[in-house]
Amino acid sequence: MTEIAVSDSAPTPAETAALFDAAFAGLAHILLAVSGGADSTAMLALAAQWAQARGGVRLSVATVDQGLRPEAADEAGRVAALSARLGLPHAALDGRIEAGARLEERARAARYAALEAHAAAIGADGLATAHTLDDQAETVLMRLAAGSGPAGLAAMRPHRRREGGLVHARPLLSVPRRRLIAALQARGMTWAEDPMNADPAFLRARLRAARAVLEAEGLTAERLGLLAARMARLDEAAEAAVDAAAAAHLTLGEERAALDAGAAALPAELRLRLLGRAVAAVAGDAPVRLDRLERLHDRIADEPAGAATLAGVRIAWRNGAVDIAPAPPRRPRGG
1 MTEIAVSDSA PTPAETAALF DAAFAGLAHI LLAVSGGADS TAMLALAAQW
51 AQARGGVRLS VATVDQGLRP EAADEAGRVA ALSARLGLPH AALDGRIEAG
101 ARLEERARAA RYAALEAHAA AIGADGLATA HTLDDQAETV LMRLAAGSGP
151 AGLAAMRPHR RREGGLVHAR PLLSVPRRRL IAALQARGMT WAEDPMNADP
201 AFLRARLRAA RAVLEAEGLT AERLGLLAAR MARLDEAAEA AVDAAAAAHL
251 TLGEERAALD AGAAALPAEL RLRLLGRAVA AVAGDAPVRL DRLERLHDRI
301 ADEPAGAATL AGVRIAWRNG AVDIAPAPPR RPRGG
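Those letters in the sequence shown? Residues 1 to 335, per the UniProt record's numbering, in order.
Structure representation (structure tokens):
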């Protein structure tokens with residue numbers, strides 16, 4: 001991830017060029033997801049400046065209206081007007097959902113579905129979102145609260161290849177929000193404020209409200225972002241080691257997986273990840289919770305033989321060898 005200086009001022013042209021050169025390397029057409037808030041408006045302004053100076057890169061803009069606030073349509077109109085002034089095409093996308101349980105999760109899924117579909121329609125090979133260092137820090141804290149392991153604590157990655165091959169880039173992930181606001185103020189630009197960002201019904205908003213207390217104890221956005229980067233580095237190394245271990249010890253068949261007894265000699269973290277990979281291969285889309293996987297791993301290490309179910313699969317082991325297959329259907333209760 002491209003580092004940026006600790007400062008309260010707007011990113012310099014050199015910093016902006018380094019950020020976008022790294023984020024968009026190898027991409028020809030990038031779709032910018034712009035809601036009209038401070039972060040995404042700053043990304044739009046900075047990306048347009050970068051693309052004009054660099055040349056050879058095409059930018060498009062999209063705003064997703066999720067039907068959750070009456071102001072959203074007007075905000076999309078302002079983004080469209082700004083895009084036109086910058087000479088960029090803009091599309092307003094329909095990502096409406098109903099209010100209710102798991103609102104943030106459902107809204108995120110609908111938003112990305114709309115953006116991915118539009119990217120495919122216009123031939124974009126990249127999607128850029130304006131997640132900042134502040135967002136990364138909040139995500140780390142949320143993952144800590146959820147009991148995540150190293151992969152979860154790595155939080156958001158600067159690049160991710162989404163289903164279908166679309167590259168999801170986060171060019172501002174190392175940039176504090178205050179520097180983006182400074183960039184907007186220097187340009188005399190305004191932005192929209194989403195009241196949901198301050199709604200205490202949402203964990204992210206509560207963490208944002210507690211920021212001053214956290215920073216006073218040393219839990220700054222910069223330190224939490226550094227933790228995420230270190231966890232990402234650790235996770236990458238561990239996954240490479242698991243790839244090698246899988247080649248030596250994991251056999252995959254049709255709806256079946258097996259670990260040989262030699263896997264028992266691996267370090268605990270590699271055994272755990274290899275077991276998780278084997279279970280996931282049979283479980284398919286069923287989620288495999290880390291805490292339950294850890295308990296299963298410990299049973300296999302402590303008990304010479306046994307069996308258990310997890311994520312809809314049956315895991316049986318004897319003397320270190322593990323066999324994984326779909327769990328038999330449960331018998332109905334009663335007569």
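For every residue, glycine included, the Cβ atom is placed at its ideal position computed from N, Cα and C.
Note that the coordinates shown come from a computational prediction; the quantities given were computed from them, not determined experimentally.
Each of Ala-14, Ala-248 and Asp-74 was checked against the Cα of Ala-192, and the nearest Cα belongs to Asp-74.
Straight through space, the alpha carbons of Ala-311 and Pro-287 are spaced by roughly 6 angstroms. With a contact defined as Cβ atoms closer than 8 angstroms, Asp-323 and Ala-265 miss out at about 18 angstroms. Judged by their CB atoms, Ala-42 and Leu-184 are nearer to each other than the 7 angstroms cut-off. Between Leu-44 and Val-167, the beta carbon gap of about 18 angstroms keeps them out of contact (Cβ cut-off 8 angstroms).
Taking 7 angstroms as the cut-off, the Cβ atoms of Ala-114 and Leu-86 do not count as close. A direct Cα-Cα distance of roughly 15 angstroms separates Ile-30 from Tyr-112. By the CB criterion at 7 angstroms, Thr-220 and Arg-177 fall outside the cutoff.
DSSP places Leu-127 within a strand segment (E or B) once states are collapsed to three. Residue pairing of Ala-316 in beta bridges, as defined by DSSP: Ala-307 and Asp-323. With contacts defined by Cβ atoms closer than 7 angstroms, Arg-170 and Thr-139 do not form a contacting pair.
When secondary structure is reduced to three states using DSSP, Thr-16 falls in the helix class. The beta carbon of His-297 lies closer than 8 angstroms to those of Ala-268, Arg-271, Leu-272 and Leu-275 in the same chain, with the five residues before and after it left out.
Counting C-beta pairs closer than 8 angstroms gives fewer than three between the segment 50-67 and the segment 201-208, which falls short of the contact rule. The C-beta distance from Gly-67 to Arg-102 rounds to 16 angstroms, too long to meet the 8 angstroms contact threshold. The beta carbons of Gly-320 and Ala-278 sit about 14 angstroms from each other, so the pair does not count as a contact at 8 angstroms. DSSP places Ala-237 within a helical segment (H, G or I) once states are collapsed to three. DSSP places Thr-251 in the uninterrupted beta strand (DSSP E) bounded by 250-253. Val-61 is bridged by DSSP to Leu-32 and His-90. Per DSSP, Leu-259 is not a residue of any alpha helix (DSSP H); the beta strand (DSSP E) it occupies stretches across 256-259. With a threshold of 16 other beta carbon atoms within 10 Å, Val-213 falls short and is exposed.
Apart from the 5 residues on each side of it in sequence, Ala-305 sits with its Cβ closer than 6 angstroms to the Cβ of Arg-318 in its chain, given in chain order.
Excluding the 5 residues flanking it on each side, Ala-110 has same chain C-beta neighbours closer than 7 angstroms at Gln-66, Gly-95 and Ile-97, in chain order. Taking a 10 Å sphere around the C-beta of Thr-16, we find 16 or more other C-beta atoms and assign the residue as buried.
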